[in-house]
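Residue numbers (this note's numbering), protein chains in the order written: chain A, 481 to 596; chain B, 11 to 122. For reference, the structure discussed in these notes is given below.
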Amino acid sequence: GAVVSQHPSWVICKSGTSVKIECRSLDFQATTMFWYRQFPKQSLMLMATSNEGSKATYEQGVEKDKFLINHASLTLSTLTVTSAHPEDSSFYICSAHGSRVGEKLFFGSGTQLSVL
Amino acid sequence: KNQVEQSPQSLIILEGKNCTLQCNYTVSPFSNLRWYKQDTGRGPVSLTIMTFSENTKSNGRYTATLDADTKQSSLHITASQLSDSASYICVPWFYNNNDMRFGAGTRLTVKP
């Protein structure tokens with residue numbers, strides 16, 4: 481079946497640095513990709529929706545200059561956490577689906593970000 | 011108020027027993043309702059997808075039901091296994107605008 485690959489699975493960085501997370505659809509064209517963050521024991525929270533070739537749509541309260549999303553191709557979307565701070569430490573997950581109505585939504589395996 | 015309420019928040023059952031998880035939603039209309047299983051530290055995995063016209067859908071030991079009139083869905087797990095220990099998340103999805111609402115999930119623990 482379709483697979484979404486997310487990389488890296490975990491990252492530790494110093495405060496003030498930027499971190500890039502990649503999300504790839506391996507055997508289908510992902511017209512839309514979603515980015516979420518999840519704090520321990522809490523639900524997934526949608527951060528932004530990105531369509532290939534266009535600017536991402538951010539949810540209310542999510543800083544677009546802080547969380548840069550690029551969806552340059554039908555198989556790759558990236559999330560860059562700029563100038564990361566300890567409060568950005570979280571579990572980040574991407575998901576993707578193709579263009580057919582009712583198509584399954586496939587999730588990446590997630591990235592655990594720890595900012596020291 | 012959260013538009014998707016799941017209950018119970020957590021549940022502990024013995025291996026081999028059955029259980030039912032509940033999802034009440036206020037969002038309407040929606041294209042489909044999905045149940046996901048999420049292991050700790052992993053991305054969610056799809057269990058079932060139901061359109062608003064479907065009443066039930068099964069996937070192995072998982073059976074989801076949907077009552078669009080009362081805006082309730084349930085996920086029934088039969089003959090539970092230790093590997094069923096995970097969070098189960100209910101997600102109504104509006105396909106037209108890619109709008110999804112995630113429930114907080116039910117944390118299921120299956121003990122031997």
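Using N, Cα and C, we set each Cβ at its ideal position, and we do this for glycine too. Bear in mind that the values here come from a model prediction, so they are computed numbers and not experimental data.
{"Check": "Residue-level contact to chain B via CB, residue 519 of chain A, 9 Å cutoff", "Outcome": "no"}
{"Check": "Within-9 Å CB hit, residue 102 of chain B to chain A", "Outcome": "no"}
{"Check": "Below-9 Å beta-carbon distance, residue 78 of chain B vs any chain D residue", "Outcome": "This model lacks chain D altogether; the protein chains it does include are A and B."}
{"Check": "Test: residue 120 of chain B CB closer than 9 Å to a CB of chain A", "Outcome": "no"}
{"Check": "Option in B:54, B:74, B:56 with minimal Cα separation from residue 62 of chain B", "Outcome": "B:74"}
{"Check": "Opposing strand residues paired with residue 60 of chain B [DSSP bridges]", "Outcome": "B:43"}
{"Check": "Nonlocal neighbours in the same chain, by C-beta distance under 6 Å from residue 520 of chain A, ignoring five residues either side", "Outcome": "none"}
{"Check": "Of the residues B:101, B:18, B:67, the one placed nearest residue 41 of chain B, counting alpha carbons only", "Outcome": "B:101"}
{"Check": "Contacts around residue 502 of chain A, its chain only, beta-carbon distance under 6 Å, and the 5 residues preceding and following it disregarded", "Outcome": "487, 558"}
{"Check": "Local conformation of residue 568 of chain A per DSSP, three classes", "Outcome": "helix"}
{"Check": "Alpha-carbon spacing of residue 564 of chain A relative to residue 496 of chain A, whole angstroms", "Outcome": "5 Å"}
{"Check": "Which residues DSSP lists as bridging residue 662 of chain A, in chain order", "Outcome": "Here chain A has residues from 481 to 596 only, and residue 662 of chain A is not among them."}
{"Check": "Residues bridged to residue 111 of chain B (per DSSP)", "Outcome": "For residue 111 of chain B, which the question treats as bridged, DSSP gives no partner whatsoever."}
{"Check": "Beta-carbon proximity of residue 72 of chain B to residue 59 of chain B, cut-off 9 Å", "Outcome": "no"}
{"Check": "Residues near residue 54 of chain B in its chain [Cβ-Cβ closer than 8 Å; skip 5 each side]", "Outcome": "46, 47, 48, 99"}
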